[in-house]
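These protein sequence lines map, in sequence, to chains A and B. For what it's worth, my numbering labels the leading residue of the first sequence as 1, then goes sequentially. For what it's worth, my numbering labels the leading residue of the second sequence as 1, then goes sequentially.
2 protein chains.
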Amino acid sequence: MNKHNFSAGPAILPDDVKRRASIAAYDYDSTGLSLMEMSHRGKEFTQVLERAELNVRNLFKVDDSYAVLFLTGGASSQFYMSAMNLAGKNDKIAYLDTGTWAKKAIKEAKLFTNVDVVASSADNNYSYIPKDYKLSDDTKYLHLTSNNTIFGTQIKTWPSLDCPMVCDMSSDIFSRNIPVEKFDLIYAGAQKNVGPAGVTLVIVKKEILGKVERDIPTMLKYQTHIDKGSSFNTPPVFPIYVTMLTLDWIIQNGGVSAMEVRNSKKANALYNEIDNNPLFTGCASIEDRSDMNATFLLNNEDLNSAFSAQCEDVGIVGLTGHRSVGGYRASMYNAMGQESVEVLINVMKEFAQKNG
Amino acid sequence: MNKHNFSAGPAILPDDVKRRASIAAYDYDSTGLSLMEMSHRGKEFTQVLERAELNVRNLFKVDDSYAVLFLTGGASSQFYMSAMNLAGKNDKIAYLDTGTWAKKAIKEAKLFTNVDVVASSADNNYSYIPKDYKLSDDTKYLHLTSNNTIFGTQIKTWPSLDCPMVCDMSSDIFSRNIPVEKFDLIYAGAQKNVGPAGVTLVIVKKEILGKVERDIPTMLKYQTHIDKGSSFNTPPVFPIYVTMLTLDWIIQNGGVSAMEVRNSKKANALYNEIDNNPLFTGCASIEDRSDMNATFLLNNEDLNSAFSAQCEDVGIVGLTGHRSVGGYRASMYNAMGQESVEVLINVMKEFAQKNG
């Protein structure tokens, strides 16, 4: 049975990416070797790394004033690395608290600098994106989480500020166009929209580095990885390859603009069903709803197991909501086709007919 | 043509491991999903992680007083994490400087504590393991590099000391039996003897943690990963799976004791040829020669390209020595069969007949 993979992350990969990854795991490019057993300094992997970087630059129109890095440790490591590298002890950085991951980022930054949480939607279980907030004049940068996987909210309009931004884009990178020049630093764990777990993409403005007085271990300096082209130590070869393939796939399918249209169409169809189906209610504020992760509840919780069973019957997987929200979460990353969303919508419709 | 993969790392993987990895990359256990697109908290990957840990415990007889962790960032991250977590600002830790990686570990530790380099073989391009050294009484632990991939040396006899040891075993872990109880911390990047790049194995004595006064980012505390079973954040799913498969393979092939016999037999055969072939000279001191990486030179460098071509003709790859030593390096990790070593020996013999 064909599976419809709504997992929040690690998440769906394009079929062609999986096929090519499968081949490379055994015999890369007819070399007789797995890509996993080749030197990371050899020509095969060097080409992979270069192409992955080029793909990122093409997709987001990233110029040479930015470095593109492939690191490890997930966004969770960027929570402290960003503050450690960019903010001095006496600086002030601002955070928008839009959910679990923003809160974690705030906690780590406090070890290194002064943190100003300028607004929070914790008062309503992070169901919206705060919009009316001011930064104090001495703010070095504003840290944002572009998409909140758990709560199903997404920043739709970037704040109009003179202040540079740093952004955790783990769950919506390459799902839409962004104004790269407004950001000093963009980071994203790959395992939601851009590849498998085990690699973290970092896009950083080179001129902002080296301005902080602090002893930083070599591996934790962005500059180290810039100087060594993401190969100061052995990089995560296979995850980077699968990321490169996924970026290839995005390019072949029209790039970020095409993804934006495609993602918006999927999300609109599902939200339309959530809003019109009498059995379900959406969790997030309508204007802040994420195109990546739709969170919704069954009004009658007693029906949960019946609905879950019906989803399972048609091959839907990964639809269970995060424990902090409950109910359901449909993650519809780039690689998900419209047909999978239609399968879910049909189940919801049929379920309403039976139980309405 | 069958390849004989002598790469230093990322390195050879067992054929069966590659086959199973290839299947899992497309369709894991007939689920219709790649392992790379499944939740790290789902039952499939939870089983992988548990089995990987159990395999480590079985192979090295690791009891519950130690935690077994699967992290990212390579041994290069353990260089600072070990000192950061285990050594206070006023403590003293000792290092044996046996090569490039030991030197890097020393550099990072100096950011956090007092470092006493008790002996070094830098005086002779790291071609031997220093043996006569004393630790001062206030030494908290001694840091060792068990095997020096670049120079082809290996610690054959562990020092008889009361002091606990911390050891980078990246290039010979699971190649031989070790007295785990003598170590407070063992770490290893997987990509040489235990899996692909992208995952780092850590075995740490639980009681030594939490004794250092220092602000440490959450991701950089061993305790965080112990408390969350290596899943505080999304772990590198696929590299951990391939590591689990490789550990399965070691167990199926007789465990660490069998690997030790097998590795010793391969190394002895090759060193015997190096010593008896008039064209070649070994680089490392005989008593410290590594069973994992044999370094050797052609006495007449003018023959290098002819020898390399002859190696290539029979499918030998990855034999070029590291730039700090030159010549050749034959890495013969667990997964390499005796037959590949025999192929190399035959090339050396034929080469001597033609050019002797």
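Ideal Cβ placement from N, Cα and C applies to all residues, glycine included.
| task | Could you spell out the range, first to last residue, of the beta strand (DSSP E) harbouring residue 225 of chain B? | result | By one-based count along the second sequence, residue 225 of chain B stands at place 225. Element bounds for residue 225 of chain B: not the beta strand (DSSP E) but the alpha helix (DSSP H), 222 to 227.
| field | Nearest candidate by alpha-carbon position, reference residue 238 of chain A, set A:275, A:330, A:45 | value | The sequence position of residue 238 of chain A within the first sequence is 238, counting from 1. The shortest C-alpha separation from residue 238 of chain A is found at A:45.
| task | Tell me the start and end of each unbroken beta strand (DSSP E) in the stretch 72 to 150 of chain B that is at least 3 residues and wholly inside, in chain order. | result | 92 to 97, 114 to 120, 139 to 145
| Helix, strand or coil at residue 46 of chain A according to DSSP, with G and I counted as helix | What you label residue 46 of chain A is simply residue 46 of the first sequence in a count that begins at 1. Of the three classes helix, strand and coil, the one that applies to residue 46 of chain A here is helix, per DSSP.
| query | Near residue 94 of chain B, which residues of its chain fall below 6 Å by C-beta distance, leaving aside the five closest residues on each side in sequence? | reply | Position 94 of the second sequence, counting from 1, holds the residue named residue 94 of chain B. For residue 94 of chain B, where only same-chain residues beyond five positions count, the Cβ hits under 6 Å are 116, 118, 135, 139, 142.
| query | Count the other CB atoms within 10 Å of the CB of residue 56 of chain B; is the residue buried (16 or more) or exposed (fewer)? | reply | As a first step, residue 56 of chain B must be located in the second sequence, where it is residue number 56. Answer is buried; the Cβ neighbour count reaches 16.
| message | Does the stretch 167 to 185 of chain B come into contact with the stretch 146 to 155 of chain B, if we say contact requires no fewer than three beta-carbon pairs (one atom in each stretch) closer than 8 Å? | response | yes
| task | My understanding is that residue 247 of chain A touches residue 35 of chain A, with C-beta atoms under 8 Å, so please give their C-beta distance in whole angstroms. | result | Locating residue 247 of chain A in the first sequence gives position 247, counting from the first residue. Locating residue 35 of chain A in the first sequence gives position 35, counting from the first residue. Their Cβ separation, rounded to whole angstroms, is 16 Å, which puts residue 247 of chain A and residue 35 of chain A out of contact at 8 Å.
| message | Tell me which residue opens and which closes the alpha helix (DSSP H) that residue 405 of chain A is part of. | response | Any property of residue 405 of chain A remains undetermined from this structure, which presents chain A solely from 1 to 356.
| Any idea which residues DSSP pairs residue 245 of chain A with across the strands? | Here residue 245 of chain A corresponds to residue number 245 of the first sequence, with the count starting at 1. According to DSSP, residue 245 of chain A bridges with nothing at all.
| query | Are the beta-carbon atoms of residue 179 of chain A and residue 234 of chain B separated by less than 8 Å? | reply | As a first step, residue 179 of chain A must be located in the first sequence, where it is residue number 179. As a first step, residue 234 of chain B must be located in the second sequence, where it is residue number 234. No, the Cβ-Cβ distance between residue 179 of chain A and residue 234 of chain B is not below 8 Å.
| Taking all protein chains shown into account, do 16 or more other C-beta atoms lie within 10 angstroms of the C-beta of residue 199 of chain B, making it buried, or fewer, making it exposed? | The residue you call residue 199 of chain B lines up with position 199 of the second sequence. Flag for residue 199 of chain B reads buried.
| query | So what does residue 5 of chain B bridge to, in DSSP terms? | reply | By one-based count along the second sequence, residue 5 of chain B stands at place 5. Note: residue 5 of chain B sits in a beta bridge opposite B:317.
| field | Proximal chain A residues relative to residue 215 of chain B, where beta-carbon distance stays under 7 Å | value | In the second sequence, counting from the first residue as 1, residue 215 of chain B sits at position 215. 111, listed in chain order.
| request: Would you tell me roughly how many angstroms separate the C-alpha atoms of residue 202 of chain A and residue 167 of chain A, rounded to the nearest one? | output: Taking the first sequence and counting its residues from 1, one reaches residue 202 of chain A at position 202. Taking the first sequence and counting its residues from 1, one reaches residue 167 of chain A at position 167. C-alpha separation (whole angstroms): 10 Å.
| task | Please report the residue range of the alpha helix (DSSP H) in which residue 274 of chain A lies. | result | The residue labelled residue 274 of chain A in the question sits at position 274 within the first sequence. That run of the alpha helix (DSSP H) goes 255 to 276.
| query | To the nearest whole angstrom, what separates the beta carbons of residue 266 of chain B and residue 33 of chain A, a pair I think is in contact under 8 Å? | reply | In the second sequence, residue 266 of chain B corresponds to position 266, counting from 1. In the first sequence, residue 33 of chain A corresponds to position 33, counting from 1. Actually they do not touch by this definition, with Cβ atoms about 19 Å apart.
| query | What residues in its chain sit with their C-beta under 6 Å from that of residue 274 of chain A, if we drop five residues either side in the sequence? | reply | Position 274 of the first sequence, counting from 1, holds the residue named residue 274 of chain A. So the list reads 280, 282, 296, once near-sequence residues are dropped.
| request: Determine the extent of the alpha helix (DSSP H) in which residue 344 of chain A is found, giving its start and end residues. | output: Within the first sequence, numbered from 1, the residue matching residue 344 of chain A stands at position 344. Run containing residue 344 of chain A: 338 to 355, per the alpha helix (DSSP H) assignment.
| Near-chain B residues of the stretch 285 to 314 of chain A - C-beta to any C-beta below 9 Å | none
| query | Which of helix, strand or coil does DSSP assign to residue 57 of chain A? | reply | Locating residue 57 of chain A in the first sequence gives position 57, counting from the first residue. Reduced to three states, the DSSP call for residue 57 of chain A is helix.
| Do you know whose CA, among B:29, B:130, B:37, lies nearest residue 190 of chain A's CA? | Against the first sequence, residue 190 of chain A aligns to sequence position 190. Closest by alpha carbon: B:37.
| request: Taking all protein chains shown into account, decide if residue 29 of chain B is buried (16 or more other Cβ within 10 angstroms of its Cβ) or exposed. | output: Walking along the second sequence from the start, residue 29 of chain B turns up at place 29. Counting Cβ neighbours within 10 Å, residue 29 of chain B comes out exposed, since fewer than 16 surround it.
| Under 8 Å between C-beta atoms, does residue 234 of chain A make it to chain B? | Within the first sequence, residue 234 of chain A is the residue found at index 234, counting from 1. Yes, because at least one Cβ of chain B sits closer than 8 Å to the Cβ of residue 234 of chain A.
| query | Mapping DSSP to helix, strand and coil, what is residue 205 of chain A? | reply | For the purposes of this step, residue 205 of chain A is identified with residue 205 of the first sequence, where counting begins at 1. Here residue 205 of chain A sits in strand by DSSP.
| query | Do we get a CB-CB distance below 8 Å when we pair residue 358 of chain B with the residues of chain A? | reply | Shown here, chain B extends from 1 to 356; a query on residue 358 of chain B therefore has no answer.
| Taking only beta-carbon atoms, is residue 252 of chain B less than 8 Å away from chain A? | The sequence position of residue 252 of chain B within the second sequence is 252, counting from 1. Answer no: the Cβ-Cβ gap between residue 252 of chain B and chain A never drops below 8 Å.
| Does the beta carbon of residue 259 of chain A sit closer than 8 Å to a beta carbon anywhere in chain B? | In the first sequence, residue 259 of chain A corresponds to position 259, counting from 1. Cβ-Cβ to chain B under 8 Å: no for residue 259 of chain A.
| query | DSSP puts residue 329 of chain A in a beta bridge; with which residues? | reply | Walking along the first sequence from the start, residue 329 of chain A turns up at place 329. BP columns for residue 329 of chain A point to A:295.
| query | CA-CA distance, residue 334 of chain B and residue 169 of chain B? | reply | Counting from one through the second sequence, the residue named residue 334 of chain B turns up at place 334. Counting from one through the second sequence, the residue named residue 169 of chain B turns up at place 169. The alpha-carbon atoms of residue 334 of chain B and residue 169 of chain B are separated by roughly 14 Å.
| query | Helix, strand or coil for residue 184 of chain B per DSSP? | reply | Looking up residue 184 of chain B in the second sequence gives position 184. Residue state, collapsed to three classes: strand.
| Around the Cβ of residue 252 of chain B, are there at least 16 other Cβ atoms within 10 angstroms (buried) or fewer (exposed)? | As a first step, residue 252 of chain B is located in the second sequence; it is residue number 252 there, counting from the start. Classification of residue 252 of chain B: exposed, given that the 10 Å Cβ count is below 16.
| Would you say residue 159 of chain A faces chain B, with C-beta separation under 8 Å as the test? | As a first step, residue 159 of chain A is located in the first sequence; it is residue number 159 there, counting from the start. Not closer than 8 Å to any Cβ of chain B, the Cβ of residue 159 of chain A fails to qualify, so no.
| said: For residue 113 of chain A and residue 137 of chain A, which I take to be in contact (beta-carbon distance under 8 Å), what is that distance rounded to the nearest angstrom? | reply: Along the first sequence, one-based indexing puts residue 113 of chain A at 113. Along the first sequence, one-based indexing puts residue 137 of chain A at 137. At roughly 16 Å, the Cβ-Cβ gap does not stay under 8 Å, so residue 113 of chain A and residue 137 of chain A are not in contact.
| message | By the three-class DSSP mapping on this structure, what secondary structure does residue 306 of chain B have? | response | Stepping through the second sequence from its first residue, residue 306 of chain B is reached at position 306. The answer is helix: DSSP assigns residue 306 of chain B an H, G or I state.
| query | To which residues of the same chain is residue 80 of chain A closer than 6 Å at the C-beta, ignoring the five residues directly before and after it? | reply | For the purposes of this step, residue 80 of chain A is taken as the residue at position 80 of the first sequence. Excluding sequence neighbours, residue 80 of chain A sits near 108.
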